[in-house]
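Numbering (this note's numbering), first residue to last: 4 to 289.
Cβ atoms here follow ideal geometry from the backbone N, Cα and C, with glycine treated the same way.
Step one of this worksheet: look at the structure below.
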């Protein structure tokens, strides 16, 4: 496996080096005919501020010491995308940096809106890294009580929204999971002020959160069973699944799927129908 990784590192760096012209790298035009397209190894080394021999060894996949700053310099010279930069880290045997959103991918929110609207009549919403709700479909408003007059932060609302608390039969069981997952997210970005702001607000408003936070449980995002009591439809049993889109690492899609209990699927379809909407206690979103 190590040999394959070294071979892939060599081929990857050579292919990326061939894509960058001397003009793009800011080198003087001219200097004679080149045997191969793109930059020479020596030019990459000079532009990245590393030794020519060191870069040659890196491209050959030798066992050498590397650091994040040096890999970032090489990535800058080779004009690597964020995905390519993280790939370089992996091939060099290092933990990759946190994914970033490419500017050209920020328009994907329109597509994600179509996704959760297509998920109707089942609840779906999208939240950012800090659990702020970015958007939700009509079913999430009808079933989960998502609405404009709450904080629009899924963690804070879980602990402070009396409407959701009154509907959730599984609140006590799921609270521990919610806190453990948020702690895992915080741990991945320990210096991120966004997490600290959410943590400060929910800690101030919910003693129950503080008690669970002190237990220091850690859990990855996954599936959670939710039992909800709707004033019109009665018991609803759904399973929430958190999905991530690699090109939008700042967002998480939460889809709720009806389980084979309490005729949940039929009830959700009725709640989304014109008849069900007319009887809803709260206006739907959108």
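By the three-class DSSP mapping on this structure, what secondary structure does residue 226 have?
Residue 226 sits at position 223 when you count from the first residue of the chain shown. Note: residue 226 maps to strand in three-state DSSP.
**Beta-carbon spacing of residue 134, residue 212 below 8 Å** = For the purposes of this step, residue 134 is taken as the residue at position 131 of the chain shown. For the purposes of this step, residue 212 is taken as the residue at position 209 of the chain shown. Not a contact, by the Cβ cut-off of 8 Å.
Cutoff 6 Å; reference residue 268; Cβ partners in own chain excluding five residues on either side: Indexing the chain shown from 1 puts residue 268 at position 265. Here the set comprises 261.
If you measure between the beta carbons of residue 41 and residue 13, is that distance less than 8 Å? Stepping through the chain shown from its first residue, residue 41 is reached at position 38. Stepping through the chain shown from its first residue, residue 13 is reached at position 10. Against a cut-off of 8 Å, the Cβ pair of residue 13 and residue 41 comes out as no contact.
Review point. With distances taken between CB atoms, is the gap from residue 246 to residue 172 smaller than 8 Å?
Key: Taking the chain shown and counting its residues from 1, the one referred to as residue 246 is at position 243. Taking the chain shown and counting its residues from 1, the one referred to as residue 172 is at position 169. Taking 8 Å as the Cβ cut-off, residue 246 and residue 172 do not qualify as a contacting pair.
For residue 210, which three-state DSSP category applies?
If you number the chain shown from 1, residue 210 lands on position 207. Residue state, collapsed to three classes: helix.
Cα-Cα separation, residue 129 to residue 270:
As a first step, residue 129 is located in the chain shown; it is residue number 126 there, counting from the start. As a first step, residue 270 is located in the chain shown; it is residue number 267 there, counting from the start. Roughly 23 Å separates the two Cα atoms.
Exercise. Any idea which residues DSSP pairs residue 171 with across the strands?
Worked result: Mapped onto the chain shown, residue 171 falls at position 168. Residue 171 is bridged to 231.
*Is it right to say residue 141 is buried, meaning 16 or more other beta carbons lie within 10 angstroms of its own, or is it exposed?*
For the purposes of this step, residue 141 is identified with residue 138 of the chain shown, where counting begins at 1. When all chains shown are included, residue 141 counts as buried.
From 124, 263 and 249, pick the residue whose C-alpha is nearest to that of residue 280; which is it?
As a working mapping, residue 280 is identified with position 277 in the chain shown. The shortest Cα separation from residue 280 among 124, 263 and 249 belongs to 124.
request  = For the segment 88 to 176, list the beta strand (DSSP E) runs that are entirely contained and at least 3 residues long, ordered along the chain.
outcome  = 127 to 131 and 136 to 139
Checklist entry - Taking the alpha carbon of residue 79 as the point to measure from, which residue in 49, 64 and 237 has its own alpha carbon closest? => result Sequence index remark: in the chain shown, residue 79 carries index 76 (1-based). Of the listed residues, the one whose Cα sits closest to residue 79 is 49.
Where the beta strand (DSSP E) through residue 279 begins and ends:
Your numbering for residue 279 matches position 276 in the chain shown. Unbroken run through residue 279 is the alpha helix (DSSP H), 277 to 281; no beta strand (DSSP E).
Exercise. DSSP state of residue 75, grouped into three classes?
Worked result: By one-based count along the chain shown, residue 75 stands at place 72. It is helical.
Excluding the 5 residues preceding and the 5 following residue 158 in the sequence, name in chain order all residues of the same chain whose CB lies nearer than 7 Å to its CB.
-> Translated into positions along the chain shown, residue 158 becomes position 155. For residue 158, where only same-chain residues beyond five positions count, the Cβ hits under 7 Å are 134, 181, 185, 201 and 205.
Query raised in the report: When DSSP builds the beta bridges, which residues end up paired with residue 256?
Result: On the chain shown, position 253 is the one that residue 256 refers to. Its beta-bridge partners are 129 and 246.
_Nonlocal neighbours in the same chain, by C-beta distance under 6 Å from residue 278, ignoring five residues either side_ = In the chain shown, counting from the first residue as 1, residue 278 sits at position 275. Excluding sequence neighbours, residue 278 sits near nothing in its chain.
* To do: Could you tell me the distance, in whole angstroms, from the CA atom of residue 284 to the CA atom of residue 93?
  => The residue you call residue 284 lines up with position 281 of the chain shown. The residue you call residue 93 lines up with position 90 of the chain shown. Caution is warranted here: a pLDDT of 48 is assigned to residue 284, below 50, making its placement in the model unreliable, and the coordinate value is therefore given only provisionally. Their backbone Cα atoms lie some 52 Å apart in a straight line.
Going by Cα to Cα distance, which pick from 192, 203 and 187 is closest to residue 219? As a working mapping, residue 219 is identified with position 216 in the chain shown. Checking every option, the nearest Cα to that of residue 219 belongs to 187.
Would you tell me roughly how many angstroms separate the C-alpha atoms of residue 282 and residue 234, rounded to the nearest one?
Reading the chain shown from its first residue, position 279 is the one you call residue 282. Reading the chain shown from its first residue, position 231 is the one you call residue 234. Each residue's Cα considered, the two are about 10 Å apart.
### Task
Count the other CB atoms, across all protein chains shown, that sit within 10 Å of the CB of residue 119; report buried if there are 16 or more and exposed otherwise.
Against the chain shown, residue 119 aligns to sequence position 116. Per the 10 Å Cβ criterion, buried.
Cβ-based burial, residue 146 [other Cβ within 10 Å; buried from 16]: For the purposes of this step, residue 146 is taken as the residue at position 143 of the chain shown. It is buried - the Cβ of residue 146 has at least 16 other Cβ atoms within 10 Å.
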